[in-house]
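Position 134 of the first sequence, counting from 1, maps to 134 under full-length UniProt numbering, and the rest follow consecutively.
Here the structure comes first, spelled out in structure tokens, and everything after it is commentary.
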Amino acid sequence: MQYWLFKSEPFKFSWDDLVSKGKAGEEWDGVRNYQARNNMRAMKVGDRGFFYHSNKGLEVVGICEVCALSHPDSTADDPRWDCVDIRAIAPVPHPVTLKDVKANENLSDMSLVNSMRLSVQPVKEEEWKEVCRMGGIDPLTLEPA
DNA sequence: GCCAACGTTGGC
DNA sequence: GCCAACGTTGGC
Numbered sequence: 001m002q003y004w005l006f007k008s009e010p011f012k013f014s015w016d017d018l019v020s021k022g023k024a025g026e027e028w029d030g031v032r033n034y035q036a037r038n039n040m041r042a043m044k045v046g047d048r049g050f051f052y053h054s055n056k057g058l059e060v061v062g063i064c065e066v067c068a069l070s071h072p073d074s075t076a077d078d079p080r081w082d083c084v085d086i087r088a089i090a091p092v093p094h095p096v097t098l099k100d101v102k103a104n105e106n107l108s109d110m111s112l113v114n115s116m117r118l119s120v121q122p123v124k125e126e127e128w129k130e131v132c133r134m135g136g137i138d139p140l141t142l143e144p145a
């Protein structure tokens, strides 16, 4: 399994919006950046991702799961844009802020810090565990820890 | 709301 | 294929 991070501006599409979509999840459309698209093309069903609120909040608020492989973005009129579908699987009990991430030396290589503008990012397994720990969630059971 | 960073576009 | 202009992202 691989790990990822999805950024969204909460006033456009928030964690609560994703939760309200339930098991069916939501097409992660609108991405018009090659690197982000390539990341989505590399995803497999069952891969997990952090859901991060950009602009407002600036924190990891939930954990989601890829529930459909990349496919053409239904909102794009250009066939080069693909996207996956994701669904919410667990909230993060104590949202992990960008400030917290920046302050943690173990996370100094995270894309969130170094590739600020990339909206769909890979997350290393150690980073995944560390952010889960900070957020008070067990990375295996997804129960509060 | 500002502006730095950075990706994309398009003229040459 | 270079690079200036431009648009967008996203933290502050």
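A virtual CB, placed ideally from N, CA and C, is assigned to each residue, including glycine.
Under a three-way DSSP split, which group does residue i fall into?
{"i": "residue 148", "result": "Missing from the structure shown is residue 148; the chain here goes from 1 to 145 and no further."}
{"i": "Leu140", "result": "coil"}
{"i": "Val123", "result": "strand"}
{"i": "Gly49", "result": "strand"}
{"i": "Val113", "result": "helix"}
{"i": "Val31", "result": "coil"}
{"i": "Asp82", "result": "strand"}
According to DSSP, what are the bridge partners of residue i?
{"i": "Ile89", "result": "In the DSSP output, where bridge partners are listed per residue, Ile89 has none listed."}
{"i": "residue 149", "result": "Coverage of the chain is limited to positions 1 through 145, which leaves residue 149 absent and any answer about it impossible."}
{"i": "Glu26", "result": "Ile86"}
Over the uninterrupted beta strand (DSSP E) stretch that includes residue i, give me the two end residues.
{"i": "Glu59", "result": "Glu59 to Pro72"}
{"i": "residue 168", "result": "Residue 168 lies beyond the residue range present for the chain, which begins at 1 and ends at 145; the question has no answer from this structure."}
Where does residue i land, buried or exposed, given buried means 16+ other C-beta within 10 angstroms?
{"i": "His94", "result": "exposed"}
{"i": "Gly46", "result": "exposed"}
{"i": "Glu130", "result": "buried"}
{"i": "Ala145", "result": "exposed"}
Find the nearest neighbour of residue i within the set the options, judged by alpha-carbon distance.
{"i": "Arg133", "options": "Asn104, Arg117, Phe6 and Asn114", "result": "Asn104"}
{"i": "Tyr3", "options": "Ile137, His71 and Glu126", "result": "Glu126"}
{"i": "Ala42", "options": "Gly62, Gly22, Ser54 and His71", "result": "His71"}
Got a sec, what are the start and stop residues for the alpha helix (DSSP H) residue i sits in?
{"i": "Asp16", "result": "Trp15 to Ser20"}
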